[in-house]
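The first sequence begins at 0 in numbering that gives the first Met the number 0 and counts up one residue at a time.
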Amino acid sequence: MITITLPDSSTKQVEKGTTPMQIAEGISRGLAQNALVAKLNNELVDLNTPILTDSALKLYTWEQEEGKNTLWHSSAHLMAEALEALYPNVKFWVGPALENGFYYDVDLNGGTLSTSDFEKIEQKMLELARKQNIFERKNISKQDAINYFTDKQDIYKLDLLERLDDGTISLYTQGNFTDLCRGPHIPNTSFIKAVKVLNVAGAYWKGDEKNKMLTRIYGITFPKDKELKEYLELLEEAKKRDHRKIGKELELFTFSEKVGSGLPLWLPKGTMLKEKLMQFLQKAQLESGYLPVSTPHIAHKDLYICSGHYEKYGADSFQSIKTPHEGEEFFLKPMNCPHHCEIYKSSPKSYKDLPIRYAEFGTVYRYEQKGELHGLTRVRGFTQDDAHLFVRPDQVKEEFLKVIDLVLYVFNALDFKEYTAQISLRDPNNKTKYIGTDENWITAEQSIMEATKEKNLKTVIEYGEAAFYGPKLDFMVKDAIGRKWQLGTIQVDYNLPERFELEYVGFDNQKHRPVMIHRAPFGSMERFVAVLIEHCKGNFPLWLTPNQFAILPVSEKFNNYAKKVLDLLKKSDIRGFIDDRNEKIGKKIRDQEINKIPYMLIVGEKEQENNTVSIREHIIGDKGEVAVESFISLIIETIEQDFKLKQII
RNA sequence: GCUGUUGUAGCUCAGUGGUAGAGCACUUCCUUGGUAAGGAAGAGGUCGGCGGUUCAAUCCCGCUCAACAGCUCCA
């Protein structure tokens, strides 16, 4: 007999060789029917693995990541089986599970695959899934594996085998398909009830562009039809929220081939939005002791030689600007930090001056590879809500706390309610590739961890993800439909203070090197606006939205009264316009609903007589007739209320 | 940058080896209408750019630019 310890610490005595599935059956029928994979002493295993020693056992269903991943990994095998049935010459590379679904990289031997083939593959997968084929594991020797795949003329699996040790090799077979795989897998194919082939794309063999391009087929599967339906609805919803689409519809920004790819043109409404955001942050920063600075868009090559960026990125950047003066070269600025370092150096600093916080909405230019450009999230010219804090080593933690406060203030104000903080630290096994003293690193890493802990942030620690110049803290937010985005970032930098020989005079009358902290709560205005659009689907908070109201005269006879109302509202700093087109009121309402205007003010004979407006709220509808003054206070109060609520959080 | 797909009016998109169409938007006129599309007329396109094949190219071919999907990358 052996002892099995379950997650609730209870134990079971079972015969040696009992499988996790049998234990599941002993617990409940429901669990036995839903279990997909088991964890045996920290190792994921098939449910039919005989347990030979005392073990801790945990069972996973579709509800857990482990269960999902296993189902998707097994689905990749199922898709491979379907592909092999449909395309006899196909060769397989690897087929892992992803965050949402799975893919398989295949070599179609010159054949092609298009979206029109998807249904055929899906049908075949479902047909095979219904056979309830068992995923059968077989441990074999390396030589046997080599023989097997040599017979199959499968160069890709042979390549994989080269890197595997004898004794660790296993094959999985379901139906007519056998794959080299370490597993684990779901018990049988019948758990896969709903199937969708999502996409097909090229991917280099082993991710190396010198290698052959394989066909990567993406798919997703579910244990219930309903879940597939919900997933497809989510994809539809994401499409509707696409900032490129909404940005065009709401006339926020555009691109022009003549201006150049990746160089956004902000339209009046988008500019209003962007500037409101900047004003909002600027105000918060002034209150937190930041000092606004502003620096030119170009700088002498020497600046970037000093910073080290020329050596690292020079060749892949926008190339230098020449002048009539022979040999003189300027570069478009790819970041603001070197400029800020020079500002720091413009006068001697005392320890009493620190921390110094230079803030600038600095527009920078980076020559991103063509294929990387994407709407506003990846562009070649963008404005960072940048600031550099020059601090004493003993101030790192305190400044981190303040920056975290600022970042959270921004997130709350914009209704991002869920976020996690990712702490990127040094690779503990390879400390040599980092610049800066061990002592400083330890202080900074400790400071970050303590600061996030004090703020009760949900954190993930990533070892080895730090930049070579310092550890960092990145904020990942979840948007309204659950997608994750990386927004704000805080980074410690030991490199630039060194390169620019930044100093301050300490209490001991000696020169010391300050620590530099880069931080950007939005990240960049472009990226943030993109994420915000997708988060709120273009329905911006009232304080931010480009037009807070539209006045809709019932007929042209009331245009003059509308004008009077507009003047009154403008005096109170409320933004909007009159829709004085020669259209019926129904048409105007429809159009302004589509334009997502928060408040429509309908004015006709009645309103003109009573000095009122009839409010119609976006989506909600008719809110009745009120005095113009009441509307003004409604707007002001709504905005104040909005901010107050958020302060509490 | 690599692979694939796409590029027709301001927008969304039909279409054809014999130099083009719809809906919306726009202009003018009629209409002055009370909570999601009133009516009529009109204007608008080197069919992304360059080159080739052809009697003839928006359509076929090559190159190029841009967008999209994926890969790789992101100070």
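Even glycine gets a Cβ: it sits at the ideal position worked out from N, Cα and C. Just so it is clear, the structure is predicted and the values come from calculations on it, not from any experiment.
**Asked** Buried or exposed: TYR343, going by 16 or more other Cβ atoms within 10 Å of its Cβ?
**Response** buried
**Request:** Identify which residue in LYS351, LYS130, GLY487, GLY603 has its Cα closest to the Cα of ASP507.
**Result:** LYS351
**Message:** So, at 6 angstroms on beta carbons, what are the nonlocal neighbours of GLU636 in its own chain, with the 5 sequence-adjacent residues on each side left out?
**Reply:** none
**Asked** What did DSSP end up calling GLY269 once you bin it into helix, strand or coil?
**Response** helix
**Asked** Would you say the stretch 461-474 touches the stretch 485-501, given that touching needs at least three Cβ pairs under 8 angstroms?
**Response** yes
**Request:** Drop a sphere of 10 angstroms on the beta-carbon of ILE634, count the other beta-carbons inside from all chains shown, and report buried for 16 or more, exposed for fewer.
**Result:** buried
**Prompt:** Would DSSP call ALA465 helix, strand or coil?
**Reply:** coil
**Prompt:** Less than 9 angstroms separating the beta-carbons of ALA450 and PHE499?
**Reply:** no
**Request:** Grab the span of the alpha helix (DSSP H) containing GLN394 for me, first residue to last.
**Result:** Here GLN394 belongs to no alpha helix (DSSP H), and DSSP marks it neither H nor E.
**Item:** Other residues of its chain near ALA358: CB distance less than 6 angstroms, five sequence neighbours each side excluded
**Value:** GLN284, TYR289, PRO291, ALA386
**Message:** Using 8 angstroms as the cut-off, can you tell me whether the stretch 76-84 makes contact with the stretch 104-121, which would need three or more C-beta pairs spanning the two stretches below that distance?
**Reply:** yes
**Item:** 4-residue-minimum alpha helix (DSSP H) runs that sit fully inside the stretch 459-525, ordered along the chain
**Value:** 494-498
**Message:** Taking a contact to mean a Cβ-Cβ separation below 9 angstroms, would you say ILE601 touches VAL553 in this structure?
**Reply:** yes
**Assumed close pair ALA23, LEU51 - CB separation to whole angstroms, cut-off 8 angstroms** = That pair is no contact at about 18 angstroms.
**Cβ-based neighbour list, ILE320, same chain, cut-off 8 angstroms, excluding 5 preceding and 5 following** = ILE297, GLU328, PHE329, PHE330, LEU331
**Item:** Given 8 angstroms, three or more beta-carbon pairs between the stretch 100-108 and the stretch 166-185
**Value:** no
**Item:** Residues bridged to GLU417 [DSSP beta-bridge criterion]
**Value:** LYS477
**Prompt:** Of all the options LYS536, SER27, PHE91, VAL194, which has the alpha carbon lying nearest to the alpha carbon of PHE176?
**Reply:** PHE91
**Message:** So, at 6 angstroms on beta carbons, what are the nonlocal neighbours of ILE648 in its own chain, with the 5 sequence-adjacent residues on each side left out?
**Reply:** Note that ILE648 scores 47 on pLDDT, short of 50, meaning its location in the model is unreliable; the coordinates nonetheless yield the value given after this. Here the set comprises ASN411.
**Message:** If we require 4 or more residues per run, which alpha helix (DSSP H) segments fall completely within the stretch 114-146?
**Reply:** 117-128
**Message:** Relative to the C-alpha of ARG379, which candidate in LEU264, LYS239, ILE577 has its C-alpha closest?
**Reply:** LEU264
**Item:** Burial state of THR167, where buried means 16 or more other Cβ atoms lie within 10 Å
**Value:** exposed
**Message:** Using the Cβ count rule (16 or more neighbours within 10 Å means buried), how would you classify LYS123?
**Reply:** buried
**Item:** Extent of the continuous alpha helix (DSSP H) to which THR10 belongs
**Value:** It is not in any alpha helix (DSSP H) - THR10 instead sits in the beta strand (DSSP E) that spans 10-13.
**Message:** Three Cβ pairs or more, each shorter than 8 angstroms: is that satisfied between the stretch 538-551 and the stretch 271-283?
**Reply:** yes
**Request:** Ignoring anything shorter than 3 residues or poking outside the stretch 167-239, list the beta strand (DSSP E) runs there in chain order.
**Result:** 169-173, 176-179, 193-203, 212-221
**Nearest-angstrom Cβ-Cβ length linking GLU371 and ARG365, presumed shorter than 8 angstroms** = GLU371 to ARG365, Cβ: 10 angstroms. No contact.
**Asked** Where are the beta strand (DSSP E) runs, 3 residues long or more, that stay fully inside the stretch 25-103, in chain order?
**Response** 36-39, 42-44, 54-59
**Item:** Cutoff 7 angstroms; reference CYS340; Cβ partners in own chain excluding five residues on either side
**Value:** LEU495, PHE499, LEU501
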